[in-house]
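Visitor:
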Amino acid sequence: MPTRFQALRLFTLPLWLGVLAVALCAAPARATSAGAPQDDVAARAGETTVSWEELDGLIFVRHANSPEGHEALKHLLKTKLLDQLALESGLVVRDEEVDALWRETEESLRQAGQGDLPELLAQQGMSAAEFREFLRLGVVQRTLARRALGIPDDQPISGELQETWLEKVIVERGLVEPPAPWTDGVVLSCGGVTIGVDEYVTNLRYRIDPAALRQGMEQILLEKRLRERMPDLAESALDKAVNEELARRRTNVLADPRYKGIGYDELMKAKGILIDYWPEDPSLRAAALTRLWVERRYSEEDLRRTYQDEREYFDGHFGEAIETWVLFLRAGVLKNDLVPRTFDEAERELFEITRAVRSSADFEVVVLEHSEAVKSRELRGRVGFVTRLGSTLPAILRDEIFRCVDEGSYAPDLDPKDRRRLTHAIRTSEGVALCWLGERTPTPAWDEMIVHVHAELRARVQDDSLDTKSVVTYLDTE
11 MPTRFQALRL
21 FTLPLWLGVL
31 AVALCAAPAR
41 ATSAGAPQDD
51 VAARAGETTV
61 SWEELDGLIF
71 VRHANSPEGH
81 EALKHLLKTK
91 LLDQLALESG
101 LVVRDEEVDA
111 LWRETEESLR
121 QAGQGDLPEL
131 LAQQGMSAAE
141 FREFLRLGVV
151 QRTLARRALG
161 IPDDQPISGE
171 LQETWLEKVI
181 VERGLVEPPA
191 PWTDGVVLSC
201 GGVTIGVDEY
211 VTNLRYRIDP
221 AALRQGMEQI
231 LLEKRLRERM
241 PDLAESALDK
251 AVNEELARRR
261 TNVLADPRYK
271 GIGYDELMKA
281 KGILIDYWPE
291 DPSLRAAALT
301 RLWVERRYSE
311 EDLRRTYQDE
321 REYFDGHFGE
331 AIETWVLFLR
341 AGVLKNDLVP
351 RTFDEAEREL
361 FEITRAVRSS
371 ADFEVVVLEH
381 SEAVKSRELR
391 GRVGFVTRLG
401 STLPAILRDE
411 IFRCVDEGSY
421 APDLDPKDRR
431 RLTHAIRTSE
441 GVALCWLGER
451 TPTPAWDEMI
461 VHVHAELRAR
471 VQDDSLDTKS
481 VVTYLDTE
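If you read the sequence shown in our numbering, its first letter stands for residue 11, the second for the next number, and so on.
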């Protein structure tokens, strides 16, 4: 789903107005649904709430120093600078000019078949008054750019030229950007314009990806719910658990070859996270709390008993696994413009194109040449290790893979080039698949399985503590 910024860019407008559409994302979204929280809180799940102060703290740590945050900061500067320039020049935009632009926008949308302007604004949570304000700023930018560049009023001026002029003004006035975390309270200054931390963070409430903000608010709510489960937990014990969780993550990142020696803190900083404040982040604290909750309630014997009681589940998800590659062709009962072949034709084609396959490398070549599953083809068909109940592949494919295992047509000691590593063709709702089976890993011993049992119990207590479907936020609209 597009963000408000992306959706508003979909408006087909005159060029200079299209540039203005970029500015629209600074206007606050309105929470208009019946279940939306009141203005005194940012989010709610039952009686548990997220205050605006808590949300702003999360935004500050996670997003204020991020690339997305810096883009929003630059836009906020331009908005405030245009107002400052208008004040200095004595420029006053008349309501009639804004009315004319409103009608021009409506006509552009009508001709493009993109709907009614008030309806589109409502979909983005923007009021007519807010949109009119940005139309006014558009007039300010266009007028001042024309004056500065000596372009007559009856001559067109492109959006790009207006932006170039405004960028030049910023340079001439002197842009000062202190480094984060802005302990003196000033994030940016330019000439007579100053942007403080509070104003900046408040602006980010409406500029950051709503999905990321919602996830953050859910994590704040989850931390509170988990804390309520352990009212006797001392703050010092929680701090210790958070530090241990942080140390665990640092160790895991250093041990992961994908990161090539880059540390956890460096990865977080690269995302724009203010690492000195990270121990207070709700995601880290919720993770520490779930671990504490499980450790308080489950001895090793309890964990072992849980495994034995639910062995089919744990072995199915974390046990025996088969390394798998998949080749897929689209097919159906009948051919049409969207379905290029029947199931029978697809099965015959799969047989022919894999006739010479004698290894996983051969299979990968065929996948690259013939597979019609785009994401799978990008990975040369390799899915990874598949368990009986895992979500890596649809059940119909998993069932065929483990039928081969259970009936003995596949065995882990098969020659790597044995064609019995190929499964039968598998019909799905969208086509036909064929799998190549590689190595097998057995169900792990208890010292490894206990890790999975512990993680599963942590996930369950999270789910029990907070139903994310019950969460309503200031971003929710009808």
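Using N, Cα and C, we set each Cβ at its ideal position, and we do this for glycine too.
Straight-line CA distance for L232 to A55?
Guide: In the sequence shown, residue 232 corresponds to position 222, counting from 1. In the sequence shown, residue 55 corresponds to position 45, counting from 1. Taking the straight line joining both Cα atoms gives about 10 Å.
Visitor: Taking the runs of the alpha helix (DSSP H) that are 4 residues or longer, which of them lie wholly in the segment 210-296?
Guide: 220-239, 245-265 and 274-280
Visitor: In chain order, which continuous runs of the alpha helix (DSSP H) of length 4 or greater are located wholly inside the segment 393-423?
Guide: 405-417
Visitor: I think G226 touches R358, with their Cβ atoms under 8 Å apart; what is that distance to the nearest whole Å?
Guide: Counting from one through the sequence shown, the residue named residue 226 turns up at place 216. Counting from one through the sequence shown, the residue named residue 358 turns up at place 348. The Cβ separation is near 52 Å, so there is no contact.
Visitor: Let's test the definition: count the other Cβ atoms within 10 Å of the Cβ of E254 and tell me whether it reaches 16, buried, or not, exposed.
Guide: Counting from 1 along the sequence shown, the entry for residue 254 is found at position 244. Exposed, by the Cβ-count rule.
Visitor: Using the rule of at least 16 other Cβ atoms within 10 Å of the residue's Cβ for burial, across every protein chain shown, is L236 buried or exposed?
Guide: Counting from 1 along the sequence shown, the entry for residue 236 is found at position 226. Buried.
Visitor: Once you ignore the five residues that flank R468 on each side, which residues in its own chain have a CB closer than 7 Å to its CB?
Guide: Against the sequence shown, residue 468 aligns to sequence position 458. Only T300, R301 and V304 meet the Cβ criterion.
Visitor: In chain order, what residues of the same chain have a beta carbon less than 6 Å from the beta carbon of R259, not counting five sequence neighbours either side?
Guide: Here residue 259 refers to the residue found at position 249 when the sequence shown is read from its first residue. Counting only Cβ-Cβ distances below 6 Å, and skipping sequence neighbours, we find Y274.
Visitor: Leaving aside the five residues before and after G155 along the sequence, list all residues of the same chain whose C-beta is less than 8 Å from its C-beta, in chain order.
Guide: For the purposes of this step, residue 155 is taken as residue 145 along the sequence shown, with counting starting at 1. One point to set straight first is that residue 155 is Ala, not Gly, in the sequence displayed. I161, I167, L171, Q172, W175 and L176, listed in sequence order.
Visitor: Have a look at the DSSP bridge pairing and note the partners of V186.
Guide: Counting from one through the sequence shown, the residue named residue 186 turns up at place 176. Paired residue(s): S199.
Visitor: Measure from the alpha carbon of V252 to the alpha carbon of each residue in L97, Y287 and D266, then state which is nearest.
Guide: Within the sequence shown, the letter at position 242 stands for residue 252. Looking at the Cα atoms, Y287 is the closest of the given residues.
Visitor: Look up V471 in the DSSP assignment and say whether it is helix, strand or coil.
Guide: Here residue 471 is taken as the residue at index 461 of the sequence shown, counted from 1. In this structure, V471 counts as helix in the three-state DSSP scheme.
Visitor: Which residue marks the beginning of the beta strand (DSSP E) containing E440, and which one marks its end?
Guide: Counting from 1 along the sequence shown, the entry for residue 440 is found at position 430. Taken as a continuous stretch (DSSP letters only), E440 belongs to no beta strand (DSSP E), as it is neither H nor E.
Visitor: Starting from E382 and walking both ways along the beta strand (DSSP E), at which residues does that stretch end?
Guide: By one-based count along the sequence shown, residue 382 stands at place 372. Careful: E382 lies outside any beta strand (DSSP E) and carries neither H nor E.
Visitor: Grab the span of the beta strand (DSSP E) containing V336 for me, first residue to last.
Guide: The residue given as residue 336 occupies position 326 in the sequence shown. Start and end: A331 to R340.
Visitor: With R365 as the anchor, note down where its alpha helix (DSSP H) starts and where it stops.
Guide: As a first step, residue 365 is located in the sequence shown; it is residue number 355 there, counting from the start. Taken as a continuous stretch (DSSP letters only), R365 belongs to no alpha helix (DSSP H), as it is neither H nor E.
Visitor: Mind reading off the beta-carbon distance from R390 to E374? Whole number of angstroms is fine, and I expect it under 8 Å.
Guide: Your numbering for residue 390 matches position 380 in the sequence shown. Your numbering for residue 374 matches position 364 in the sequence shown. About 4 Å; that satisfies the 8 Å criterion.
Visitor: In whole angstroms, give me the CA-to-CA distance for K90 and P289.
Guide: Position 80 of the sequence shown holds residue 90. Position 279 of the sequence shown holds residue 289. C-alpha separation (whole angstroms): 34 Å.
Visitor: Kindly list the residues whose CB is nearer than 7 Å to the CB of E209, restricted to its own chain and excluding five residues on each side of it in sequence; keep chain order.
Guide: For the purposes of this step, residue 209 is taken as the residue at position 199 of the sequence shown. Contacts found: none.
Visitor: Could you tell me which residues DSSP pairs with T483 in its beta bridges?
Guide: The count along the sequence shown starts at 1 and reaches residue 483 at position 473. T483 pairs with A53.
Visitor: So, using beta-carbon positions, are S76 and G282 closer together than 8 Å?
Guide: Position 66 of the sequence shown, counting from 1, holds the residue named residue 76. Position 272 of the sequence shown, counting from 1, holds the residue named residue 282. Taking C-beta atoms as the reference points, S76 and G282 count as a pair closer than 8 Å.
Visitor: Can you name the residues that DSSP bridges to V103?
Guide: Taking the sequence shown and counting its residues from 1, the one referred to as residue 103 is at position 93. BP columns for V103 are empty, so no partner.
Visitor: By DSSP, does V149 sit in helix, in strand, or in coil?
Guide: As a working note, residue 149 is residue 139 in the sequence shown. If DSSP states are grouped into helix, strand and coil, V149 belongs with the helices.
Visitor: Tell me the DSSP secondary structure of V60 in three-state form.
Guide: Translated into the one-based positions of the sequence shown, residue 60 becomes position 50. Residue state, collapsed to three classes: strand.
Visitor: My guess is that E382 and F338 are in contact by the Cβ rule of under 8 Å, so how many angstroms apart are they, rounded?
Guide: Taking the sequence shown and counting its residues from 1, one reaches residue 382 at position 372. Taking the sequence shown and counting its residues from 1, one reaches residue 338 at position 328. 6 Å between Cβ atoms; contact.
Visitor: Assuming G342 contacts T352 under a Cβ cut-off of 8 Å, what Cβ separation, rounded to an integer in Å, is found between them?
Guide: Position 332 of the sequence shown, counting from 1, holds the residue named residue 342. Position 342 of the sequence shown, counting from 1, holds the residue named residue 352. About 7 Å separates the two Cβ atoms, so the contact holds.
Visitor: Can you tell me whether R351 is helix, strand or coil according to DSSP?
Guide: Taking the first residue of the sequence shown as 1, we reach residue 351 at position 341. In this structure, DSSP gives R351 a state outside helix and strand, which the three-state scheme calls coil.
Visitor: Distance, Cα to Cα, L444 vs L344?
Guide: In the sequence shown, the residue the question calls residue 444 occupies position 434. In the sequence shown, the residue the question calls residue 344 occupies position 334. In this model, L444 and L344 are separated by some 20 Å (Cα to Cα).
Visitor: Compute the distance between the beta-carbons of G394 and H327, then report whether it is under 8 Å.
Guide: Residue mapping note: residue 394 aligns to position 384 of the sequence shown, counting from 1. Residue mapping note: residue 327 aligns to position 317 of the sequence shown, counting from 1. Contact: no.
Visitor: With distances taken between CB atoms, is the gap from L424 to T433 smaller than 8 Å?
Guide: The residue given as residue 424 occupies position 414 in the sequence shown. The residue given as residue 433 occupies position 423 in the sequence shown. Contact flag unset, no.
Visitor: Express the C-alpha separation of A244 and N213 in angstroms, rounding to a whole number.
Guide: Taking the sequence shown and counting its residues from 1, the one referred to as residue 213 is at position 203. Taking the sequence shown and counting its residues from 1, the one referred to as residue 244 is at position 234. Cα to Cα, N213 sits roughly 36 Å from A244.
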